[in-house]
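Quick note on numbering: the numbering used here labels position 34 of the sequence shown as 24, and the sequence is numbered without any gaps. A short write-up of the structure that comes next.
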Amino acid sequence: MTAKRSDSPVPVTAAPVTTAPAEWPDVERLFGVRGEPSRCWCRFFALTGPEWNDSAPGDRKKQLQEKFDAGTPAPGVLAFRDGKPVGWCAVEPRGCYPRILRSQVLKAAGQAASSQPGDGPEVPVWSVSCFVVAPGHRRSGVAATLLRAAVGHALAHGAGIVEGYPVVPEQRPKAGPADLYHGTLKLFLAAGFEVVSDAVPGRAVVRLVAAS
């Protein structure tokens, strides 16, 4: 789920990016009222196919808002410039994402990943599922900063493994910006993740294991 692309470069004098666990008013402000984020509300992986088809954008917005009212860790982190939210990264326990657990595409990759050392039902796995970067702030380090914050957020709340499902653009040359909401393989590798499966061409399962 990627915000509309903007080719205008961020000025070199732009304020630095800061991050924090997400709060609902800032998420609502970032996602806005137009574009894919305002239609999806980062619920694509949180809903099964039938549930998604039966829901409207307003339903998805309400469902995400309820995550912030549930008394559990925030379902993601935000990036800010000059106090304005400019990016979001969703990260939650993998069990919160039934589409990741059930998807045939990701299941093929997950079967290889499930046999990795340190994996097992007793090891909490958190999933980085989605990035949103506001127009005018793409390709300026926001996504990398968000990923680092997402890892920190997951580990701080007990994750033993942080998992991602990035796109490999070199193997999917027709993938446009809207296809890259998973993040790119390069982004995850730069953050210290390792590939544990490339069973699906153009997609990877990557993992970062908490230090023991």
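Glycine is no exception: its CB is placed at the ideal position from the N, C-alpha and C atoms. Bear in mind that the values here come from a model prediction, so they are computed numbers and not experimental data.
CB contact check: residue i to chain D, cutoff 9 Å
i    : result
V115 : This model lacks chain D altogether, as it is built from one protein chain only.
Given residue i as reference, the closest of the options once Cα atoms are compared
i    : options                   : result
R24  : T38, G48 and E13          : G48
V199 : E13, F58, E184 and P6     : E184
P65  : A133, D44 and H143        : H143
A181 : L137, H172 and A201       : L137
V123 : S117, G131 and A201       : G131
Y171 : P11, E26 and T9           : E26
A5   : H127, L20, N43 and F58    : H127
L179 : P163, R197 and K57        : R197
V190 : T174, V157, A165 and V141 : V157
Y155 : T62, D44 and R84          : R84
R89  : P40, A165, W14 and L177   : P40
Buried or exposed (CB count within 10 angstroms, at least 16 for buried), residue i
i    : result
S119 : buried
A133 : buried
K74  : exposed
S117 : buried
G148 : exposed
F129 : In the sequence as presented, Phe is not what sits at residue 129; that position holds Arg. By the 10 Å Cβ count, R129 comes out exposed.
S187 : buried
T8   : exposed
V113 : exposed
Reduced DSSP category for residue i - H, G, I as helix; E, B as strand; rest coil
i     : result
P114  : coil
S28   : helix
S105  : Any reading at S105 needs caution, since the residue's pLDDT is 48, under 50, leaving its predicted position unreliable; the model's value is listed next. Coil.
T(-8) : A caution first: T(-8) carries a pLDDT of 44, below 50, which makes its placement in the model unreliable, though a value can still be read off. T(-8) falls in the coil class under three-state DSSP.
R138  : helix
Residues bridged to residue i (per DSSP)
i    : result
P47  : None, per the DSSP bridge assignment.
I151 : V115 and V199
S120 : According to the sequence as given, residue 120 is Cys; it is not Ser. A80.
F70  : T8 and P75
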